[in-house]
Amino acid sequence: MSEVLQNSISSRDGQTFVFDTFDKVKTVFESQIANRQNVKNRSAEERKDKLNLLNNEILKHRTEIEEALFKDLKKHSIEAGYSEIFPTLSEIRNISRNLRRWMRSNPVKNSLPFIGSKSKILLEPKGNCLIITPWNYPFYLSMTHLAVCIASGNVAILKTSEYSPNVSKVIKEILSGVFEEDEVAVIFTGAEVSTEMPKLPFDHIHFTGSTNVGKQIMKNASTNLTSVTLELGGKSPVIIDENYPIKDCIKQIGWGKFLNAGQTCIAPDYILVHKDKKDEFVDKLSTYLKDSFGEKSTDSEFLTGIVNKSHFKRIENLVQDAVSDGNQIVFGGKMDKSRLAFGPTLLMMNSSAAIMEEEIFGPVLPIVLYNDVEDAIKFITKKHKPLAMYLFSNDKKWLNEVLLNTSSGGVCINDTMAHFVQTYLPMGGVNHSGIGKSHGYFGFKEFSNERAVLKSYIKGGITWPFQFPYTKLKKNILEILIKYF
Ligand code: NAD
């Protein structure tokens, strides 16, 4: 299992991976500064060529990616394909298809006082970027954010997680087949160096990870007023409308929650079920979980492992505390610490507990009962705005009421997770669950500076009525502007 040593980490499969030093970071940083204007000047075709190469390198390394995901997280190869490789390729291809259009400058409208001029928005590359990614979808999150970053014309340092070292190694191999280090470099390092990196004068930092680290990043980025995108986590709720057939939502919820052993930023964190549907919901979800993972879930090949010992202990403590606070395990609760296997667990909540305060990020689903929709809304809005929200209902009025009275980064209705991989939707949180948006055009904008450009075609400028000296004519023009524009 992975364990941080002083200048290295030992992985789950017993290998030692040495961390990059801060000196290495600074060297790469300087070389990228020197190269950023060249990269900025690249045409759409040149950028698309790079994306194509990246696409091909990923396909070439498909088996190595699957093996690395198994070594780091015990991910099943089909899950690795669906949740990491396919969405990465799909994002790269989508960017490539649309890049030329996204790079075009956008003319804007002129109101009457601006007649005699033309205005447009230029999306120019921000410059040198830092991308920091977590261990839970270590391939997908690193490669998609990197792809849109370079498509936007930037140079980048990608800082991958120390807890997915095998995947980091494959990523490095793939990227070295496409880029020189003065364009894209992978840094593999521990907490100490990671903390220093956002203090360097990057032009943009894109961070995916926990809310607490996100706050530190923002604080450190403020040293140089570096702009940030923060893709964070939170407690994403599910509400099932009292009138929605339970049988129609079980698979989506069971899959969405227990995919990657619940270690997914947008995983349903807890579920609000109508009090009259309690038994039916627990029965049907328990049956689905038994059918999916077998009687001994900890032995199932479909169950992804927990990333490391301390994360396992944290989830175990949350469950134990909840039980000692009077809440009840109604399914599962099976664990095999030696293999870091934590079986899917359902917890019926009767009283408050720490598990309802922090993001669970593990295969435990607390079930909270509600009386009416107002009750459910109140429960959600007492917490920070979540990253995702899952609603199961066919009733437009019910859906509108929930949407109107809550807020979240994204919403998925009658399904789970799907909105995240729909590349034409923005991905991101709100306040505690994140700042800024990623994916497709939204990611392209995030890595670009929206530069406002106005060109005057009038001799002396369109500003002539505002210029010195202030005459009677200019006063009259001012009165007309105030009255009519
Ligand atoms: P984490 O915040 O501990 O670490 C994320 C990354 O930040 C890692 O690469 C880590 O090495 C680095 N890091 C740690 N401390 C740092 C510091 N002080 N300065 C700079 N970098 C630092 O998160 P994690 O445990 O790797 O991932 C789990 C969290 O990520 C969960 O909260 C989850 O919800 C969130 N997440 C969000 C998304 C999203 O798209 N919104 C996706 C996946 C995961």
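According to this note's numbering, the sequence shown is numbered sequentially starting from 110.
A virtual CB, placed ideally from N, CA and C, is assigned to each residue, including glycine.
- Message: For F126, list the residues DSSP reports as bridge partners.
- Response: Note: F126 sits in a beta bridge opposite I118.
- Item | Residues near R151 in its chain [Cβ-Cβ closer than 7 Å; skip 5 each side] | For R151, where only same-chain residues beyond five positions count, the Cβ hits under 7 Å are G262.
- Message: On the DSSP bridge list, what partners appear for K227?
- Response: Looking at the DSSP output, K227 shares a beta bridge with K564.
- Message: Please report the distance separating the alpha-carbon of S273 from that of V416.
- Response: Put simply, the backbone Cα of S273 is about 8 Å away from that of V416.
- Bridge-paired residues (DSSP) for Y249: Y249 is not bridged to any residue.
- Task: Tell me whether Y499 counts as near ligand 1, meaning its Cβ is closer than 7 Å to at least one heavy atom of that ligand.
- Result: In terms of side-chain proximity, the C-beta atom of Y499 is found no nearer than 7 Å to any non-hydrogen atom of ligand 1.
- From the DSSP output, in three-state form, read off T454 for me. Under the three-state reduction of DSSP output, T454 falls in the strand class.
- Closest Cα partner of I362 within the set E410, N459, E173 and M498: Nearest C-alpha to I362: M498.
- Item | Ranges of the beta strand (DSSP E) found wholly within the segment 491-574, counting only runs of at least 3 | Listed in chain order, the complete beta strand (DSSP E) runs (minimum 3 residues) inside the segment 491-574 are 497-501, 519-522 and 557-565.
- If you measure from the CB of A561, is any heavy atom of ligand 2 nearer than 7 Å? Ligand 2 is not part of the structure shown, which contains ligand 1 as its ligands.
- Hey, how far is the Cα of S461 from the Cα of V432? S461 and V432: Cα-Cα distance of roughly 11 Å.
- Which stretch, first to last residue, makes up the alpha helix (DSSP H) that contains E340? For E340, there is no enclosing alpha helix (DSSP H); the residue is found in the beta strand (DSSP E) stretching over S336 to E340.
- Query: With a cut-off of 8 Å, do at least 3 Cβ pairs link the segment 239-254 to the segment 214-221?
  - Reply: The segment 239-254 is not in contact with the segment 214-221.
- Item | Span of the beta strand (DSSP E) around A265 | Element bounds for A265: V264 to T269.
- Segment limits, alpha helix (DSSP H) that includes T62: Residue 62 lies beyond the stretch modelled for the chain, which goes from 110 to 594, so this question has no answer here.
- Item | Chain-order list of residues whose beta-carbon lies under 8 Å from that of K235 (same chain, five-residue window excluded) | Cβ within range, chain order: S261, N263, D312, H313, S336, F556, S557 and N558.
- Can you name, in chain order, every residue of its own chain whose Cβ lies under 7 Å from the Cβ of K157, other than the five neighbours on each side? For K157, same chain residues with a beta-carbon under 7 Å away, outside a window of 5 residues either side, are S205 and L208 in chain order.
- Query: G225 and I544 look like a contact to me (Cβ under 8 Å); what is the Cβ gap, rounded to whole Å?
  - Reply: Wrong, their Cβ atoms sit about 39 Å apart, outside the cutoff.
- Message: So the candidates are C374, V347 and M457; which of them puts its Cα closest to the Cα of W244?
- Response: When only C-alpha atoms are compared, the closest one is C374.
- Message: Threshold first: 3 residues or longer. Then list the beta strand (DSSP E) segments lying entirely within the segment 355-402, N to C.
- Response: Correct list: 379-383.
- Residue range of the alpha helix (DSSP H) that L582 falls in? K581 to Y593 is the extent of the alpha helix (DSSP H) around L582.
- Message: Is T242 a contact residue of ligand 1, with contact defined as CB to any heavy atom under 7 Å?
- Response: Distances from the CB of T242 to the heavy atoms of ligand 1 include at least one below 7 Å.
- Task: Quick one: grab the DSSP three-state call for V293.
- Result: Three-state result, V293: strand.
- For the beta strand (DSSP E) holding T317, just list the boundary residues, first then last. Residues H313 to T317.
- First through last residue of the beta strand (DSSP E) which encompasses N237: Here the beta strand (DSSP E) through N237 covers N237 to I241.
- Among G343, I359, E271 and R423, which residue has its Cα nearest to the Cα of R121? Per the Cα distances, E271.
- Those residues which DSSP pairs with P310 across a bridge: The bridge partners DSSP lists for P310 come to none.
- Just to confirm, does N245 get its C-beta within under 7 Å of one of the non-hydrogen atoms of ligand 1? Yes - ligand 1 has a heavy atom lying nearer than 7 Å to the Cβ of N245.
- Bounding residues of the beta strand (DSSP E) (the contiguous stretch that carries F440): Here the beta strand (DSSP E) through F440 covers Q437 to F440.
- Per DSSP, which one or two residues make a beta bridge with N215? N215 is bridged to I230.
- Message: Just to confirm before moving on: does the CB-CB distance between L341 and L496 stay below 8 Å?
- Response: Their beta carbons are under 8 Å apart, which means L341 touches L496 by this criterion.
- Task: For E139, count neighbouring C-beta atoms within 10 Å of its own C-beta (all shown protein chains included) and say buried if the count is 16 or more, exposed if not.
- Result: E139 sits exposed, since fewer than 16 C-beta atoms from the chains shown fall within 10 Å of its C-beta.
- Query: Are the Cβ atoms of L478 and V382 separated by less than 8 Å?
  - Reply: The Cβ atoms of L478 and V382 lie closer than 8 Å to each other.
- Taking 7 Å as the line, does the beta carbon of T580 fall inside it for any heavy atom of ligand 1? Every heavy atom of ligand 1 is 7 Å or more from the Cβ of T580, so no.
- If you draw a straight line from the alpha carbon of D524 to that of K405, how long is it in whole angstroms? Going by the C-alpha atoms only, they are around 27 Å apart.
- Close beta carbons around T125, own chain, < 6 Å, minus the five adjacent residues each side: Excluding positions up to five away in sequence, the list reads S117 and S119.
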